[in-house]
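Okay, so here's the structure we're looking at.
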């Protein structure tokens, strides 16, 4: 096993030739990428859309609308009541999905619904403190200009056939669902949602087939094939050599990879690595999440190539530490740092933000962890 001294030496070298680094585990208010284009299956080009999300924190907490009611209020009731009041929507458009209640905090997750049918990409989450006050709220609820009828025209069998052909795979038998999908033109389409796999090719998609037109509307790719040119965490100095690592994530800790938020830069579910501002990240050097930026010891740290190498290496190291500590119990329920906790408890929307070559100092590093 790599010694802790060597392990943390590698951590400090994550920002290779950077003047200083700051890392913050704080709720991020920056918008994630709302659009993503993928080429899948038989060369099909698909655009995926995630509505813009908002995230708010409330200091020591605010009361939910049912807090003054006599007796115990169930988390489901409190959550629906708060979302209804805060977003000014009808309770019939809110569906409680899951939640977690502990001694110190509670967390709840809901979906937007129409005629009882949930939206796949319009959701919200609430965090409560030990006093049952709301301390954080995130939402991607939408207000569609046009919404499809809730009764499908296209059969499920036909939808499966369309998805299988387009994605060059087979339906894996996972229970299909009927869900709305918000589109970037302000409309919402009704979709059959099915999972398509090709074990030989190593592909696994969640397909959204329009239940009225029969077209493949969108997908979620469950498999990532990201590659990073980095200094492996088992090495101590750049002289030992950078390597290209493919899919280095631990699937127990990061089951959907490090870019499960749909990004193609050094922004992910666990970490965002940037210089100067949270939008100044490093984009993939080529499609399919390749981050190959050679570091040059002969050039100044501030050259574009070395800044990109530093951001990529910091992204890799911080994610590796996330996955490593997950194995030792620093999970969602233990309040680790992630944007999406996938319904596993803890408080989300608090990924680590790493500022490389930070102007705050030289040859230094700090890590700030404000209360959740």
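Numbering (mature numbering (1 follows the signal peptide of the UniProt record, and there is no 0)), first residue to last: -23 to -1, 1 to 349. Built from N, CA and C at the ideal position, the CB exists for glycine as well.
Classify residue i: buried if its beta carbon has 16 or more other beta carbons within 10 angstroms, exposed otherwise.
i           : result
residue 186 : buried
residue 98  : buried
residue 151 : exposed
residue 350 : Because the chain in this structure spans residues -23 to 349, residue 350 falls outside the shown range and cannot be described.
residue 284 : buried
residue 80  : exposed
residue 288 : buried
residue 134 : exposed
residue 276 : exposed
residue 200 : exposed
residue 271 : exposed
residue 274 : exposed
residue 24  : exposed
residue 6   : With a pLDDT of 36 at residue 6, under the threshold of 50, the modelled position of this residue cannot be trusted; read the value that follows with caution. So residue 6 ends up on the exposed side.
residue 286 : buried
residue 335 : buried
residue 56  : buried
residue 337 : exposed
residue 113 : buried
residue 225 : buried
residue 104 : buried
residue 49  : exposed
residue 70  : buried
residue 46  : exposed
residue 244 : buried
residue 282 : exposed
residue 279 : exposed
Over the uninterrupted alpha helix (DSSP H) stretch that includes residue i, give me the two end residues.
i           : result
residue 187 : Residue 187 -> not in any alpha helix (DSSP H); beta strand (DSSP E) instead, spanning 180 to 187.
residue 270 : Neither: residue 270 is in no alpha helix (DSSP H) and is coded neither H nor E.
residue 58  : 52 to 64
residue 296 : 281 to 304
residue 134 : 133 to 144
Return the Cβ separation of residue i and residue j in integer angstroms, given the expectation that the two are a contact with Cβ distance under 8 Å.
i           : j           : result
residue 107 : residue 82  : 7 Å
residue 248 : residue 137 : About 37 Å; that fails the 8 Å criterion.
residue 202 : residue 333 : The Cβ separation is near 25 Å, so there is no contact.
residue 94  : residue 156 : 6 Å
residue 312 : residue 323 : 5 Å
residue 111 : residue 41  : 6 Å
residue 230 : residue 299 : 6 Å
residue 291 : residue 250 : 4 Å
residue 68  : residue 52  : The Cβ separation is near 15 Å, so there is no contact.
residue 354 : residue 127 : Nothing about residue 354 can be reported from this structure: the residues present for the chain run from -23 to 349 only.
residue 87  : residue 60  : 6 Å
Which first and last residues belong to the beta strand (DSSP E) in which residue i is found?
i           : result
residue 23  : 21 to 26
residue 74  : 71 to 78
residue 251 : 248 to 251
residue 168 : 164 to 175
residue 159 : 154 to 159
residue 83  : 83 to 91
residue 96  : 94 to 105
residue 309 : Run containing residue 309: none; DSSP gives neither H nor E here.
residue 263 : No beta strand (DSSP E) holds residue 263; DSSP gives it neither H nor E.
residue 333 : 329 to 333
residue 35  : 31 to 39
residue 115 : 111 to 116
residue 197 : 193 to 198
Report yes if the C-beta distance between residue i and residue j is below 8 Å; otherwise report no.
i           : j           : result
residue 147 : residue 174 : yes
residue 172 : residue 149 : yes
residue 205 : residue 222 : yes
residue 100 : residue 189 : no
residue 309 : residue 318 : yes
residue 26  : residue 198 : no
residue 193 : residue 143 : yes
residue 90  : residue 125 : no
residue 315 : residue 102 : no
residue 139 : residue 191 : yes
residue 265 : residue 242 : no
residue 44  : residue 145 : no
residue 260 : residue 246 : no
residue 31  : residue 163 : no
residue 269 : residue 210 : no
residue 220 : residue 207 : yes
residue 119 : residue 28  : yes
Can a CB atom of chain D be found closer than 8 Å to the CB of residue i?
i          : result
residue 35 : Of the protein chains in the structure, only one exists, and it is not chain D.
As an exercise, report each continuous beta strand (DSSP E) stretch of at least 3 residues that is fully enclosed by the stretch 194 to 235, in chain order. 204 to 207 and 220 to 223
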